[in-house]
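Chemist: Below is the structure I would like to discuss, written out as structure tokens.
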Ligand code: ADP
Ligand code: ZN
Ligand code: ZN
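Residue numbers (the numbering used here): 937 to 1653.
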């Protein structure tokens, strides 16, 4: 008996399996999809069994060393998903499997993540082999037949061990899970509105077949309730449900609501420790739970009988993985719902242009939910800061000041968005114009007041605050631009009664920080929540009546064909946080370029208006949805090398396929001392292109000086 084993080879991403023989002692344990330990040159490597056969081998083959686990790690479906990812993203098969699994189950051979057990002692009352006082004391502890071992050990470790040895006590181990969320949420009994009922009934009809739906529902239209009604149907039929949300901050809220309604569920996101992830994963694999709520990677939840997959805020960037394999969770969701013959539900107030186009073409079934449950959409004001600055208002417009004071006076809450973290965004010398820049990335450093340092947001580089100009020696240093830290300080300075809590990368790096910020704000310990885009999506705070946006047009300046879409999404989503219960909501959007169609449409909550404008521009320029895109990033620590190789790649491609653009310098040309150039390809059909991409990949696979990365359908260019 031979097995074909896929192993990870560090230097190359070779997708080759290697043949090994199986010693008699391991024959019964060998199954496709199991992890095995194999000799490889001088090393021992872990790998997955991809096939079992009896083929005669011409050359001498070695035995596998061991079978790592009792259970199969990659079932048939997962094996096929890995192949699908690899073919779609051109990443290696092993990297595809790795991305699907928690760290404890990857084929990497060096994990020390183990199952956690609780030990109990069971008493055998038929034995009267009890001698010392301590032993008697222990026996008298047992009111029932079972006790926690740790409780018994407190009395006397040695007496306990003697009793175990003599068969009076017997040790029983029970697996336990590390992650335990307690919720104080109460489940609300809710009857569906007509719109919700319509969405529910439409999808319910397709519960036993593959059909993709797009729910276009305005913020506050009650999509969550529709999801939960569908999930109820699914689990009543003994099937399972996967629910994806874009960010950790949103899993918290949803997990609480789901726990209150459904009880035991699993949670998967990057905020969990490796041990916790492993436990949650096993709960799913064993069928102990039938619902998982999580971020992108939860799409790989190893349920055996999926009844529905739901992707909330489907337009979100976070569903695409930004490193290898660069898969998109929506593609995997489509693959899995076909496999399990179940519906896929994509929901959003601002569907991606691509998804909405698919819905208009009938690839997805479109369901509209245009009304808020509470019937009132927030009132949106656009404020031109050019006029405000003439009046001397540099940060807060007159209108925002008035509204914010009202909120504080009326004991309501406000959310203020500023999509820049840190304190000042630029520090420069007043006399010679020197700007403090990152030595490794050549972009301006951001001043962080909390740590009193200048930091690079791309590579993490940090240095002391600038007090003296290194170029001319002047002490006259200018601080320009504003981040969330400065905004916090300005609000506290200007608004009496303001209690501010801030949510951005800097305040949420600690484990559990998202949860505690959201809970503190929900409980009303603060009346103003400020933050970056992290606070824009999905959060449901009934007491929030005002949303303010500082520099609402900033994202238009990002050099990307999606910048208008990003701006529309951000403004629409954050506006949706206001006025979600009885009181009417107000939104104040400040900016310098507020007449842009994306901002005007967002202020009117006019998705279709925005879509029609945007899709025309896309058509004219040949961007998605009219073409697919492929981005090739070439990088090197030497500028000359990157430029030479980028030209070589581009020339090769241009000889073979149409619509190859570039090479051009990437929008951030240098990160951490590495230079980046890129080539963009617009294409309709992938087959010929993929052949050439594979060729290029192979040319550079072992090149230590140049890295070539291929990103199919990139979300950023
Ligand atoms: P969305 O996800 O569409 O933005 P949510 O699902 O967060 O909206 O719902 C908005 C609010 O409306 C929530 O507080 C929710 O509890 C409430 N809600 C939803 N459906 C109903 C209903 N049928 N009756 C009363 N309240 C509802
Ligand atoms: Zn100077
Ligand atoms: Zn840097």
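All C-beta atoms, glycine included, are put in the ideal place defined by N, C-alpha and C. None of the values given here were measured: they were computed from a predicted structure.
Do residue 1273 and residue 1280 have their C-beta atoms closer together than 7 Å?
Modeler: Their beta carbons are under 7 Å apart, which means residue 1273 touches residue 1280 by this criterion.
Chemist: Would DSSP call residue 1545 helix, strand or coil?
Modeler: Judged by DSSP in its simplified three-state form, residue 1545 adopts helix.
Chemist: Who sits around ligand 2, taking every residue whose Cβ is closer than 6 Å to one of its heavy atoms?
Modeler: After applying the 6 Å Cβ criterion, the set is 1365, 1367, 1368, 1370, 1405, 1407, 1408 and 1410.
Chemist: Identify the continuous alpha helix (DSSP H) that holds residue 1592 and give its terminal residues.
Modeler: 1575–1592
Chemist: Is residue 1358 near ligand 1, going by C-beta to nearest heavy atom under 6 Å?
Modeler: no
Chemist: What span of residues does the beta strand (DSSP E) with residue 1133 cover, start to end?
Modeler: No beta strand (DSSP E) contains residue 1133, which is instead part of the alpha helix (DSSP H) from 1130–1140.
Chemist: Can you find a heavy atom of ligand 1 that lies under 6 Å from the Cβ of residue 1128?
Modeler: yes
Chemist: Considering only C-alpha positions, which residue in the set 1372, 1375, 1376 and 1386 is nearest to residue 1358?
Modeler: Comparing alpha carbon positions, the residue from 1372, 1375, 1376 and 1386 closest to residue 1358 is 1386.
Chemist: Do residue 1158 and residue 1189 have their C-beta atoms within less than 7 Å of each other?
Modeler: Cβ atoms of residue 1158 and residue 1189: not closer than 7 Å.
Chemist: Regarding residue 1124 and ligand 3, is the C-beta to nearest heavy atom distance less than 6 Å?
Modeler: Checking every heavy atom of ligand 3 against the Cβ of residue 1124, none is found closer than 6 Å.
Chemist: What's the call for residue 1048, buried or exposed, on a 16-neighbour Cβ count within 10 Å?
Modeler: exposed
Chemist: With distances taken between CB atoms, is the gap from residue 1517 to residue 1478 smaller than 7 Å?
Modeler: yes
Chemist: Going by the C-beta, is residue 1397 closer than 6 Å to any heavy atom of ligand 3?
Modeler: Yes - ligand 3 has a heavy atom lying nearer than 6 Å to the Cβ of residue 1397.
Chemist: Going straight from the alpha carbon of residue 1321 to that of residue 1315, what length do you get?
Modeler: 19 Å
Chemist: In the stretch 1255–1301, which residue ranges form an unbroken alpha helix (DSSP H) of at least 4 residues, counting only runs that do not cross its ends?
Modeler: 1265–1276 and 1289–1297
Chemist: Does residue 1216 pass the burial test, meaning 16 or more other C-beta atoms within 10 Å, or should it be called exposed?
Modeler: buried
Chemist: For residue 1570 and residue 1492, what's the separation of their Cα atoms in angstroms?
Modeler: 26 Å
Chemist: Nearest by alpha-carbon distance to residue 1123: which of 1095, 1150, 1164 and 1647 is it?
Modeler: 1164
Chemist: Can you check which of these residues, 1377, 1400 and 1356, is closest to residue 1466 by C-alpha distance?
Modeler: 1356
Chemist: Check for me: the beta strand (DSSP E) holding residue 1613 runs from which residue to which?
Modeler: Counting along the chain, the beta strand (DSSP E) containing residue 1613 begins and ends at 1610–1619.
Chemist: What first and last residue would you give for the beta strand (DSSP E) that runs through residue 941?
Modeler: 938–943
Chemist: Beta-carbon separation of residue 1294 and residue 1300 under 7 Å?
Modeler: yes
Chemist: Contact check, residue 1568 vs residue 1526 under 8 Å by CB: the rounded distance?
Modeler: Between residue 1526 and residue 1568 the Cβ distance is about 39 Å, and since that is not below 8 Å, they are no contact.
Chemist: If I follow the unbroken alpha helix (DSSP H) through residue 1097, where does it start and stop?
Modeler: 1093–1101
Chemist: Would you kindly work out how many angstroms separate the C-alpha atoms of residue 1154 and residue 1363, rounded to a whole number?
Modeler: 41 Å
Chemist: Relative to the alpha-carbon of residue 1176, which residue among 1539, 990, 1200 and 1333 has its alpha-carbon at the smallest distance?
Modeler: 1200
Chemist: Taking buried to mean at least 16 other C-beta atoms within 10 Å of its own C-beta, is residue 1614 buried or exposed?
Modeler: buried
Chemist: Under the rule that 16 or more other beta-carbon atoms within 10 Å means buried, what is residue 1446, buried or exposed?
Modeler: exposed
Chemist: Counting along the chain, where does the beta strand (DSSP E) carrying residue 983 start and finish?
Modeler: 979–989
Chemist: Give me the DSSP bridge partner(s) of residue 1450.
Modeler: For residue 1450, which the question treats as bridged, DSSP gives no partner whatsoever.
Chemist: Where in the stretch 1444–1520 do unbroken runs of the alpha helix (DSSP H), each at least 4 residues long, occur, reported from the N-terminal end onward?
Modeler: 1449–1458 and 1499–1511
Chemist: With a threshold of 6 Å, establish whether the CB of residue 995 neighbours any heavy atom of ligand 3.
Modeler: Checking every heavy atom of ligand 3 against the Cβ of residue 995, none is found closer than 6 Å.
Chemist: Quick check on DSSP: helix, strand or coil for residue 1403?
Modeler: coil
Chemist: Using a Cβ-based criterion (distance less than 6 Å to any ligand heavy atom), does residue 1505 qualify as near ligand 1?
Modeler: no
Chemist: Provide the residue span of the beta strand (DSSP E) that contains residue 1572, from first to last.
Modeler: 1564–1572
Chemist: Hey, residue 1360 and residue 1416 are a contact pair by Cβ (cut 8 Å); roughly how many whole angstroms apart?
Modeler: 6 Å
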